[in-house]
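Worksheet: one structure, shown below.
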Amino acid sequence: MNKLNRIEFNVRTRMSERSGINSASDFIKKAADMGHKAIAITDLNSVQSFPEAEEAGREYGIKIIYGVEVDVVDVDYIETKDVLD
Numbered sequence: 004m005n006k007l008n009r010i011e012f013n014v015r016t017r018m019s020e021r022s023g024i025n026s027a028s029d030f031i032k033k034a035a036d037m038g039h040k041a042i043a044i045t046d047l048n049s050v051q052s053f054p055e056a057e058e059a060g061r062e063y064g065i066k067i068i069y070g071v072e073v074d075v076v077d078v079d080y081i082e083t084k085d086v087l088d
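FYI, our numbering numbers position 6 of the sequence shown as 9, with every residue one higher than the one before it.
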């Protein structure tokens with residue numbers, strides 16, 4: 004059992020673009036095993052893991068905090084050119 008009060012607030016699952024390895028269920032099970040009461044799923048440019056996280060949260064008694072990291076692009080800054088040039 005984890006004696007420290009801790010919540011991991013930046014977990015990227017394998018649904019994140021090129022940065023996650025484990026599933027939401029894997030992280031949530033580990034958090035429960037360590038005695039955590041909550042975990043934040045904050046994938047990169049994706050919310051696809053949320054349904055799995057919700058189900059695993061119920062199964063393991065872990066509160067899920069939902070978040071997302073997004074890449075933002077200023078479309079006025081993007082240079083465009085004709086691909087046939």
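From the three backbone atoms N, C-alpha and C, an ideal C-beta is built for every residue, glycine too.
Excluding five sequence positions before and after Y63, the CB atoms of its chain that fall closer than 8 Å to its own CB belong to I31, K32, A34, A35, given in chain order. Taking C-beta separations shorter than 7 Å and ignoring five residues to either side along the sequence, the partners of S26 in its chain run T16, R17, E55, following chain order. By the CB criterion at 7 Å, S28 and L47 fall outside the cutoff. By the Cβ-count criterion, G70 is exposed, with fewer than 16 other Cβ atoms from all chains shown falling within 10 Å of its own Cβ. K66 carries a strand assignment under DSSP once its states are collapsed to helix, strand and coil.
Put simply, the backbone Cα of A41 is about 20 Å away from that of S49. Taking a 10 Å sphere around the C-beta of V14, we find 16 or more other C-beta atoms and assign the residue as buried.
Put simply, of E20, R61, V76, E11 the residue whose alpha carbon is nearest the alpha carbon of Q51 is E20.
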